[in-house]
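Here's the structure, in C-alpha cells; my notes come after.
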Ligand SMILES: *Cc1c(COP(=O)(O)O)cnc(C)c1O
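Residue numbers (this note's numbering): 763 to 1138.
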C-alpha cells in the first residue's frame, strides 16, 4: 500500500500569507517578548472567546502547571490521576510534592471522586484532576471533597479548550485551570500554555512568577521561572483564534461519523460522551475488547502497517514510569480501572484537515480486521 501516512493529529495551520502581516508588525515595533502587544491582545481575546475572567499566558502547559502549584504554595501530597500525559505528575515532582495516585472512573476516564477520600492524609493539600480527552470531571463532587478537607483544586485542562458545561466554560472550576497550546492540541501556538485565574490579584502574582519572580525592576519575591510566551507565538494564537470555530466544527463532524460507523463493529467499544455540554472532539478514543480479532497492540501495529498511525493515549500509565513506580499508590491493584483501560485504549486520528476519504480508510481497516474474525 502506497498511500500517504495518516497521523493521530496534524497541527492546524492557517494560510501562511495571513501570518505575514503579524510578523511585519513585530519587526516594525521590535517587541519580541515580555508582555508585548500581541501577548496582551491574545490574553484578552482568549478571555472573551473562552468566557473566563483572567488568563496568564505561558511558554508551554508544563510550565503553567509547575507555576500554578507554586502560586498556590502547594506542598506535601497531592491527589492525581495515573491516566494522563506524564507532565501532570512531573509538575508535582518539580515542586517537591509527592503524587498520590487515585483510580479513574472507567466510564469517563477521569479521577473517580468516590475513591479520593480514602487517599487523603494529613499531608494532602490539593487535588490535581485532568479533564481527560476534554470530557469534564465530576467537578461538583470534587469541589465538595475539597471544601470538606480544605484542599485546593487545580485542573489540568490541557484537553479542554472551548469545552462548556451548564455553567459556561469548564475552565472556571477549581482554584486554577491549566491549558496547553502545544502543536498537537485543539488550539495551538506552536508551543504555549496558560493559567486561567479567578481574579486579577492571582493573575498578577502568576505573571510575576512566570517572569523570574520579579515585581517591578529591582524586587524579586520568589524563585520564579521564565515561563513567558513570545510575541511570535502570541501572534500565531491570535490568527489561530480566527479559525478555531471552523476547526471545532470539522472535528465534531469527524467525531460523529466515527461514532456512527464504529458502533456496529463487534469488539470495538466507543466510550460514551457526556450530553448537554459543548464538546471539543479533541481526541477519539476506542476500546479494543477481547472479542476483537486483534489485540490492542496488534491492531495498533496492523494500522501502522496500513499507514494509519494511532496513539495509545494513555499507555503506559504514569505510575509505570521509573520515578513513580515505587510510590505506595502506584502498586499493582490500586488502580484497576486505569490499568484495564490503558491496556485496551487506542486513540484514532482526528484533526480538522482529516478528509472523509482518509476517515473512511481508517474505518474500513477497523471493520475488515473485525470481519475476518467472524468468518469460519
Ligand atoms: C499536553 C499536555 C500537557 C503538557 O502541555 P505542554 O504544553 O506540552 O507542556 C499536560 N497535561 C496534559 C494532560 C497534556 O495533554
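Note that beta-carbon positions come from the ideal geometry of N, C-alpha and C, so glycine has one too.
Using the beta-carbon count (16 or more within 10 Å), is residue i buried or exposed?
{"i": "residue 911", "result": "exposed"}
{"i": "residue 794", "result": "exposed"}
{"i": "residue 940", "result": "buried"}
{"i": "residue 1091", "result": "buried"}
{"i": "residue 1098", "result": "exposed"}
{"i": "residue 923", "result": "buried"}
{"i": "residue 993", "result": "buried"}
{"i": "residue 962", "result": "exposed"}
{"i": "residue 818", "result": "buried"}
{"i": "residue 964", "result": "buried"}
{"i": "residue 986", "result": "buried"}
{"i": "residue 783", "result": "exposed"}
{"i": "residue 778", "result": "exposed"}
{"i": "residue 1115", "result": "exposed"}
{"i": "residue 1155", "result": "Residue 1155 lies beyond the range of the chain shown here (763 to 1138); nothing can be said about it."}
{"i": "residue 844", "result": "buried"}
Identify, in the order they occur along the chain, each residue of the same chain with its Cβ nearer than 6 Å to the Cβ of residue i, setting aside the five sequence neighbours on each side.
{"i": "residue 804", "result": "996, 999 and 1000"}
{"i": "residue 942", "result": "823, 920 and 955"}
{"i": "residue 1005", "result": "776"}
{"i": "residue 867", "result": "874"}
{"i": "residue 813", "result": "930 and 931"}
{"i": "residue 1113", "result": "771 and 772"}
{"i": "residue 788", "result": "993"}
{"i": "residue 951", "result": "943, 995, 998 and 999"}
In this structure, what does DSSP give as the bridge partners for residue i?
{"i": "residue 1078", "result": "Looking at the DSSP assignment, residue 1078 forms no beta bridge with any residue, so it has no partner."}
{"i": "residue 917", "result": "939"}
{"i": "residue 861", "result": "840"}
{"i": "residue 959", "result": "816"}
{"i": "residue 927", "result": "930"}
{"i": "residue 714", "result": "The chain is shown only over 763 to 1138; residue 714 falls outside these bounds and no answer can be derived."}
{"i": "residue 901", "result": "Paired residue(s): none; residue 901 is not in a bridge."}
Note down, in chain order, each residue of its chain lying with its Cβ closer than 7 Å to the Cβ of residue i, except the 5 sequence neighbours on either side.
{"i": "residue 967", "result": "833"}
{"i": "residue 861", "result": "840, 842, 851, 854, 1086 and 1089"}
{"i": "residue 1139", "result": "This structure gives no information on residue 1139, because the portion of the chain shown stretches from 763 to 1138."}
{"i": "residue 1064", "result": "1056 and 1131"}
{"i": "residue 1121", "result": "1016 and 1019"}
Have a look at residue i and residue j and give me their C-alpha separation to the nearest angstrom.
{"i": "residue 913", "j": "residue 830", "result": "14 Å"}
{"i": "residue 875", "j": "residue 930", "result": "22 Å"}
{"i": "residue 1100", "j": "residue 1010", "result": "28 Å"}
{"i": "residue 1139", "j": "residue 785", "result": "Since the first residue of the chain shown is 763 and the last is 1138, residue 1139 is not available in this structure."}
{"i": "residue 877", "j": "residue 865", "result": "7 Å"}
{"i": "residue 802", "j": "residue 882", "result": "40 Å"}
{"i": "residue 1034", "j": "residue 891", "result": "20 Å"}
{"i": "residue 896", "j": "residue 925", "result": "7 Å"}
{"i": "residue 1096", "j": "residue 1082", "result": "13 Å"}
{"i": "residue 1119", "j": "residue 773", "result": "19 Å"}
{"i": "residue 763", "j": "residue 1068", "result": "In this prediction, residue 763 has a pLDDT of 49, which is less than 50 and means its spatial position is unreliable; what the coordinates show is noted afterwards. Using only the alpha carbons, I get a separation of about 7 Å."}
{"i": "residue 791", "j": "residue 976", "result": "24 Å"}
{"i": "residue 1073", "j": "residue 1025", "result": "20 Å"}
{"i": "residue 934", "j": "residue 820", "result": "18 Å"}
{"i": "residue 899", "j": "residue 872", "result": "6 Å"}
{"i": "residue 765", "j": "residue 1117", "result": "14 Å"}
{"i": "residue 938", "j": "residue 1129", "result": "42 Å"}
{"i": "residue 983", "j": "residue 1043", "result": "41 Å"}
{"i": "residue 1040", "j": "residue 928", "result": "9 Å"}
{"i": "residue 903", "j": "residue 1079", "result": "24 Å"}
{"i": "residue 917", "j": "residue 907", "result": "15 Å"}
{"i": "residue 835", "j": "residue 980", "result": "23 Å"}
{"i": "residue 1093", "j": "residue 1109", "result": "26 Å"}
Can you name, in chain order, every residue of its own chain whose Cβ lies under 8 Å from the Cβ of residue i, other than the five neighbours on each side?
{"i": "residue 1021", "result": "1032"}
{"i": "residue 886", "result": "838, 839, 840, 841, 862, 911 and 913"}
{"i": "residue 1071", "result": "767, 768, 769, 770, 1065 and 1111"}
{"i": "residue 1030", "result": "1024, 1048, 1049, 1050, 1051, 1054, 1128 and 1132"}
Is the CB of residue i under 9 Å away from at least one CB in chain B?
{"i": "residue 1087", "result": "Absent from the structure: chain B. Only one protein chain is present."}
Inset, instruction - Identify every run of the beta strand (DSSP E) within the segment 1026–1103, keeping only runs that are complete inside it and at least 3 residues long; order them along the chain. - result: Listed in chain order, the beta strand (DSSP E) runs fully inside the segment 1026–1103 are 1046–1050, counting runs of at least 3 residues.
Inset, instruction - Run through the segment 846–893 for me and flag every whole alpha helix (DSSP H) of 4 or more residues, listed as ranges in chain order. - result: 849–856
Inset, instruction - Could I get the ranges of all uninterrupted alpha helix (DSSP H) runs contained in the segment 780–817, with 4 residues as the minimum, in chain order? - result: 799–812
Legend entry - Shell residues, 6 Å Cβ cut-off relative to heavy atoms of ligand 2: Absent from the structure shown: ligand 2. Ligands present: ligand 1.
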